[in-house]
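One structure below.
Protein chains: 2
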Amino acid sequence: MARLAGVSRATVSYVLNNTSAVRISEPTRRRVREAAKELGYVPHAAARSLRAGHSRMVLMPAPDFPVGPLYSRFLDELQWALGRLDYTVVQYGAVGVRGDEAARAWAELRPVAVLVPGSDLGTKGVTVLKRSGARAVVTLASESVEGAHALLLDHEAVGHCAGAHLYARGRRRIGVVVPEESGLESFSAPRLAGVRRALRGTDATVVELPLAYEESAAARLAARWRELGLDAVFAYNDEYAMLLMRALQDEDIDIPGHTAVIGADDLMLGRLLRPRLSTVHVELPSGRDLAELVDRAVRNPGAATETHTVLGASMVHRESS
Amino acid sequence: MARLAGVSRATVSYVLNNTSAVRISEPTRRRVREAAKELGYVPHAAARSLRAGHSRMVLMPAPDFPVGPLYSRFLDELQWALGRLDYTVVQYGAVGVRGDEAARAWAELRPVAVLVPGSDLGTKGVTVLKRSGARAVVTLASESVEGAHALLLDHEAVGHCAGAHLYARGRRRIGVVVPEESGLESFSAPRLAGVRRALRGTDATVVELPLAYEESAAARLAARWRELGLDAVFAYNDEYAMLLMRALQDEDIDIPGHTAVIGADDLMLGRLLRPRLSTVHVELPSGRDLAELVDRAVRNPGAATETHTVLGASMVHRESS
DNA sequence: TTGAAAGCGTTACCAC
DNA sequence: GTGGTAACGCTTTCAA
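Protein sequences appear in the order of chains P and H.
According to my numbering, the first sequence is numbered sequentially starting from 845.
According to my numbering, the second sequence is numbered sequentially starting from 845.
Set out below in structure tokens:
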């Protein structure tokens, strides 16, 4: 778009950006708008941000494993809230690119802010991003990273909640399912650690139970259940709980009589099981709050990095424990 | 980055891009590389694509409703395959922006290709994208759009498969669950239509059953089940099937004796229900094939738009039907 | 009120 | 072999 309406490029820019500093005559405005519509003109984001020296793009790495409804809703809310603040959310999809290499790839897009779920970002990566112009880097993980704002997802508290509940219900030999699927370690490890902490100094014992999300794996685990001598199991989340519970029931193991089973995430499916599944309800951070944190950080990049602990965990006791 | 290593910007460009047309002395190369590393230099994608006149960005709108494991896996595979072809996949997150307005927002990023799941793109939108430089526009929906390549997701075939199966099992009064959640119409409507087609000209009847994904809604539907007089129900997908099946069982309705229940998508949870859930297995398009389609279209934008019907549907008969 | 021109970071092209 | 220069599309400053 340029001399299409018989005016200068500057005039076009003024009209389309509603620049209030200069006054353009109504007829000219109309001519520009009509020409723009007719030509199907769309501004060039790259040129704009190149000239401006910054963009309004908030970048997140696209998750590379199936995400549940919890995260979907969180993401939706976040996108909505950031959209209201005039940011554009972009999920960068690159599989197999990790750590600092990923940070460099993100930095090429010169996002104004970067949101990183998971612990795949080091101090080095934060430096690269900041030097490339990112005014805010926020991590969502169990541990904070130097130089970045942190939303500490306290998965450890989820495990603690589960462990304390099972202990209070009189269980003493407690299994903890740890998914074998990759990409889940950063969630499962702290959940296991939380159970351990809840039971430290008591007479209860904790047994780690690696489990792949397959019927056959669950059946194998259930087959040796009696010899394991467990009276309770915290199954990482509701889906693994459903998988294991079914396998245990197929082995005629009474739930919760012989073994208590609890999950986490409070998904719909837990309410549909029989016995109804006890679960740890997890409260993800509010998308609106996170959007405001990002906006604050962008407006004031010099401020100290904030660290918030989120992910409220509360027990939902139903019938399986 | 510019005169940091005491060389010209052009030389920097040559070194970092390994341009073979010109020969740069080894010492110079080293100096440039060192300076780049020291400064944490990262190339500016916007400047690059501005200069080049095109990018390697493939844009997809981020889904604004919870997606299942099927779609997650498809997306993962697609990102991997496009990554191998040196494209960068970006999911554009904007909630509440629809149709041509969304197309214009996407066009601002000047992606080389746009992949649109769902039927939210009109001929107008395709024109805007193409005029802005997109060399390939591919839709994944039930209907094709003029000017765009189309992967026809044949949800109608899913419904047909379900209807034919239930008829063959002797069922004649067939309910079809239609989710009330928004965003799912483009999947649920063709699935319902497929059931209708399968039973057209037979003595079977089809009853549409709107259902929200909530226990209470399912309970209300189950409470009036006997008066509905249905002997089978196709529940949109496995999750709705689980919801409804549980409600029916709570009403002491025998499955499959009194009512056959089938789902779709062949999720793990169907195998864990008792009775085991019959389901329509759905084959999403191969991410690799789609990546190749995109690449072909990008290399040869003039070629006629391709239309492929994907989404193979096949019945998985278990115990609930 | 409008237009001309500079400059953002890159890279292709041409002189040196 | 190397380095200057122009141009990509846009915004902004300054001059007309």
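C-beta atoms are modelled at their ideal positions from N, C-alpha and C, and glycine is treated no differently.
Note on the region 1058-1093 of chain H: whole alpha helix (DSSP H) runs with a minimum of 4 residues are 1059-1067, 1069-1072, in chain order. When DSSP states are grouped into helix, strand and coil, S916/H belongs to the helix group. For R928/P and A1147/H, the gap between their C-alpha atoms comes out near 40 Å. About 7 Å separates the Cβ atoms of S1165/H and V1105/H, confirming a contact at the 8 Å cut-off.
L903/H and Y936/H do touch by the CB rule: their CB atoms are close to 6 Å apart, below 8 Å.
Using a CB distance cut-off of 8 Å, S1030/P does not count as an interface residue toward chain H. Each of V1124/H, S1130/H, V1021/H, A1006/H was checked against the Cα of R1015/H, and the nearest Cα belongs to A1006/H. Between L1072/H and V1051/H, the gap from beta carbon to beta carbon is short of 8 Å.
Not a single C-beta of chain P is nearer than 8 Å to the C-beta of L1055/H. Taking the beta carbon of E1059/H as reference, the chain P residues within 9 Å of it are M1112, R1115, L1116, listed in sequence order. Sixteen is the threshold: since fewer than 16 other Cβ atoms of the shown chains lie within 10 Å of the Cβ of S1060/P, the residue is exposed. It is roughly 18 Å from the alpha-carbon of D1139/P to the alpha-carbon of S976/P. When DSSP states are grouped into helix, strand and coil, P1054/H belongs to the strand group. Nearest CB-CB separation between T1123/P and chain H: not below the 8 Å threshold. Listed in chain order, the non-local C-beta contacts of H898/H below 7 Å within the same chain comprise V956, G977, local neighbours out to five positions each way being set aside.
A residue is called buried when at least 16 other Cβ atoms come within 10 angstroms of its Cβ; H999/P meets this threshold and is buried. In the structure shown, the three-state DSSP call for P1145/H is coil. Cα atoms of E1024/H and F1031/H: separation of roughly 12 Å, rounded to the nearest angstrom. What T1103/H touches in chain P, judged by beta-carbon distance under 9 Å, is nothing: the nearest beta carbon there is about 17 Å away.
Contacts with chain H at 8 Å (Cβ-Cβ) include A938/P. Put simply, of E1095/H, G884/H, A951/H the residue whose alpha carbon is nearest the alpha carbon of V886/P is A951/H. For D908/H, the CB contacts under 6 Å within the same chain, skipping 5 residues up- and downstream, are V939 in chain order. Judged by DSSP in its simplified three-state form, A906/H adopts coil rather than helix or strand. Under the DSSP assignment, A1006/H falls in the alpha helix (DSSP H) whose first and last residues are 999-1012. In the pairwise beta carbon analysis, the region 916-924 of chain H is classified as touching the region 1118-1132 of chain H: at least three pairs are separated by under 8 Å.
By the 16-neighbour rule on beta-carbons within 10 angstroms, R1035/P is buried. Taking 7 Å as the cut-off between beta carbons, the residues of the region 885-901 of chain H near chain P are V886, P887, H888, A889, A890, A891, S893, L894, in sequence order. In the three-state reduction of the DSSP assignment, G977/H falls in the coil class. Beyond the five residues adjoining it in sequence on each side, A889/P comes within less than 8 Å, by CB distance, of S899 in the same chain, given in chain order.
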